[in-house]
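Reading through the structure tokens given below for one structure.
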Amino acid sequence: MRPFGAFLYVFFILSGFLVVLFILGETGLLKGGQYQFNKETAGNKEEIIVSDSITNPIFDSLKTEVLDTLNAQVPDSIRQNNISGKSGECGLQFPSGDLAVLNPFFEKLKNPDSSQSPLRILYFGDSQIEGDRITSTIRRQFQQKFGGAGIGLIAPDLLYNLTHSFSVERSENWSIINFTDLNDSLKNRSLVFKSAVLPSGKEGWFKIRQIRNKENKNDYLKLRTVYSSPGDFDVIVKSEGKIIYTEKVDKTASVSTLDFNFNFTPPSVELYFQSTDSLEISAFLLETRSGIHVDNIALRGLSFPPFSKSDEQAMEETAKLINPGLCVLHYGVNIAPQILGNFNNYRTRLIREIKKMQQLFPGVPVLIVGISDMAKKENGQMISYPNIKAIRDVQFEAAQICNCVFWDLEKFMGGPGSMTAWVNGSPRLGQKDYVHFTPEGTEKIGNRLSELILAEYEKYLQTKVSE
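Residues in the sequence shown are numbered from 0 upward in steps of one, following numbering that gives the first Met the number 0.
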């Protein structure tokens with residue numbers, strides 16, 4: 000056996016029958032259950048089956064900088080048809096009334112392609128969605144209808160998730176590249192805007208551990224590690240202290256995945272790495288082989304995801320591997336405290352990032368969730384920030400220009416002053432910072448957004464029947 004330092008260990012603590020996908024090579028030590036390995040790269044997929052048996056700093060998103068020029072103009076009809084008006088319920092708003100914008104997503108829901116990865120909703124947001132808030136509700140609603148399990152896409156860093164009862168731990172010798180580290184020479188290569196890089200000659204590990212709960216129900220049944228490495232690295236698969244497989248993984252400049260399938264959610268998975276050159280882990284995916292997944296991509300302090308600071312090739316390769324069906328952008332609360340004379344800078348940059356995202360994920364519809372109401376204390380009373388409407392109108396205009404669907408969250412809450420009502424109501428829906436939501440509030444928002452999307456899906460199905 001090669002020494003410990005030369006291997007990437009993947010340790011599964013299990014107590015029964017298991018199906019695993021792993022890299023297959025000449026030195027497999029499998030002896031008697033069933034394992035599968037799938038090493039996948041963008042545009043290339045290998046699969047071999049073998050038999051064996053074993054019983055998260057604030058980023059100033061509005062800082063002054065040279066901006067790309069965008070010549071998109073807002074038609075007068077859009078400016079006049081802004082979304083100010085009476086408070087209360089509102090549905091999804093489509094650009095120029097085009098109800099077919101979400102059809103590409105609905106087509107994939109209706110006719111899933113078994114040859115592709117499971118369909119997913121990429122939900123990008125700020126601190127409003129941290130801790131899987133809102134997304135956990137949407138995930139539950141969609142998976143109950145279309146199948147699937149697991150939290151989906153997660154960053155390769157420390158994590159504790161109560162919704163899915165698991166934690167992620169890592170060794171200290173990983174170099175974590177966050178969105179705050181990006182510059183002209185350092186481009187983001189991760190869809191979650193956080194990568195873990197292991198320097199040459201160093202050893203590092205990750206541990207994904209199920210938190211014991213009384214339900215003890217299955218969650219994810221597939222673990223995918225998204226990686227790239229300019230050098231080879233070795234793999235050992237262990238179960239119950241026994242090596243069941245060992246092999247060398249070839250270097251790859253492309254974004255690739257190592258995939259492991261299970262019959263049930265493993266209590267613990269440990270991955271130990273060492274490579275001949277630097278190894279970059281850009282994400283893990285905890286999912287199932289079919290159904291739908293809703294990914295929570297929370298970027299604290301931002302006002303939009305910084306796609307313009309990303310490596311385009313890496314983003315496009317990742318998109319081909321994970322099959323996005325819908326992108327959601329949920330931002331705005333980081334802008335309201337900045338009392339600006341106008342929001343032209345914000346508008347320009349928001350449109351730029353949406354267009355860049357559409358370029359990276361061609362044909363994937365985008366839904367923009369408008370800014371929620373939020374309040375501050377003034378003269379001893381809580382009042383809504385005065386620029387909520389201006390920010391919301393910019394988001395709406397960007398949705399119209401970029402052909403995106405829009406949902407007015409502030410109006411759903413009840414309009415100006417609604418956050419104060421949500422904080423003082425029973426049950427209490429807003430937190431006492433008058434910005435974020437309680438679990439009951441996030442449940443209410445997630446349920447309503449799910450209902451609106453699924454209602455449009457039912458309309459889509461009816462049109463298909465009539466055709």
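For every residue, glycine included, the Cβ atom is placed at its ideal position computed from N, Cα and C.
- With 16 or more other Cβ atoms inside 10 Å of its own Cβ, Ser302 counts as buried.
- Ile291 places its beta carbon less than 8 Å from that of Phe145.
- Counting only residues of its own chain and dropping the five nearest sequence neighbours on each side, Ile390 has a CB closer than 6 Å to the CB of Gly331, Ile334 and Ile370.
- Here Tyr433 really is in contact with Ala374; their C-beta atoms are around 4 Å apart, less than 8 Å.
- For Thr317, the uninterrupted alpha helix (DSSP H) run begins and ends at Glu311 to Ile321, by DSSP.
- Going by beta carbons, Ala154 and Val225 fall outside the 8 Å limit.
- Non-local C-beta neighbours of Ser174 in its own chain, meaning closer than 6 Å and more than five positions away in sequence, comprise Val196, ordered along the chain.
- For Val167, no alpha helix (DSSP H) segment is defined; the enclosing uninterrupted segment is the beta strand (DSSP E) at Phe165 to Arg169.
- Under DSSP, Gln92 shares a beta bridge with Phe405.
- Inter-segment contact for the stretch 196 to 206 and the stretch 270 to 277 is present: three or more beta-carbon pairs are separated by less than 8 Å.
- Of the other Cβ atoms in all chains shown, fewer than 16 fall within 10 Å of the Cβ of Asp183; this residue is therefore exposed.
- Bridge pairing for Gly203: Phe272 [DSSP].
- The three-state reading of DSSP puts Lys443 in helix, counting H, G and I together.
- Here Asp249 is exposed, its C-beta having fewer than 16 other C-beta atoms within 10 Å.
- For Ser227, DSSP records a beta bridge to Glu279.
- Gln380 is bridged by DSSP to Glu377.
- In this chain, the beta strand (DSSP E) harbouring Thr256 covers Thr251 to Asn260.
- Residues of the same chain with a CB within less than 6 Å of the CB of Thr419, apart from the 5 flanking positions on each side, are Ala374 and Met381 in chain order.
- In the structure shown, the three-state DSSP call for Phe342 is coil.
- Counting along the chain, the unbroken beta strand (DSSP E) around Leu197 starts and ends at Lys193 to Leu197.
- Collapsing the DSSP output to three states places Ala297 in a strand.
- Its Cα nearest to that of Thr134, the residue Ile296 stands out among Ile296, Glu457, Ser253 and Arg351.
- With contacts defined as CB atoms closer than 8 Å, Asn217 and Thr162 fail to qualify as a contacting pair.
- Assignment of Val422 by DSSP, reduced to helix, strand and coil, places it in the helix class.
- The criterion of a C-beta distance shorter than 8 Å is satisfied by Pro111 and Leu118.
- For Val393, the enclosing alpha helix (DSSP H) starts and ends at Ile387 to Ile400.
- Excluding residues up to 5 positions away in sequence, Val368, Gly369 and Ser371 lie with their Cβ nearer than 6 Å to the Cβ of Leu408 in the same chain.
- A direct Cα-to-Cα measurement between Ser95 and Gln394 gives close to 15 Å.
- In this structure, Gly324 lies near Val363, with their beta-carbon atoms less than 8 Å apart.
- Going by DSSP, Ile137 is part of the alpha helix (DSSP H) stretching over Thr134 to Phe145.
- Selection Gln399, Leu220 and Phe342 evaluated against Phe259 yields Leu220 as nearest (Cα-Cα).
- A direct Cα-to-Cα measurement between Lys107 and Gln357 gives close to 18 Å.
- Cβ-Cβ separation between Thr287 and Gly149: approximately 6 Å, consistent with a contact (criterion under 8 Å).
- Rounded to the nearest angstrom, the gap between the Cα atoms of Leu320 and Ser383 is 43 Å.
- Here Tyr456 carries a helix assignment [DSSP, helix/strand/coil].
- In this structure, Pro415 keeps its C-beta atom at 8 Å or more from the C-beta atom of Glu352.
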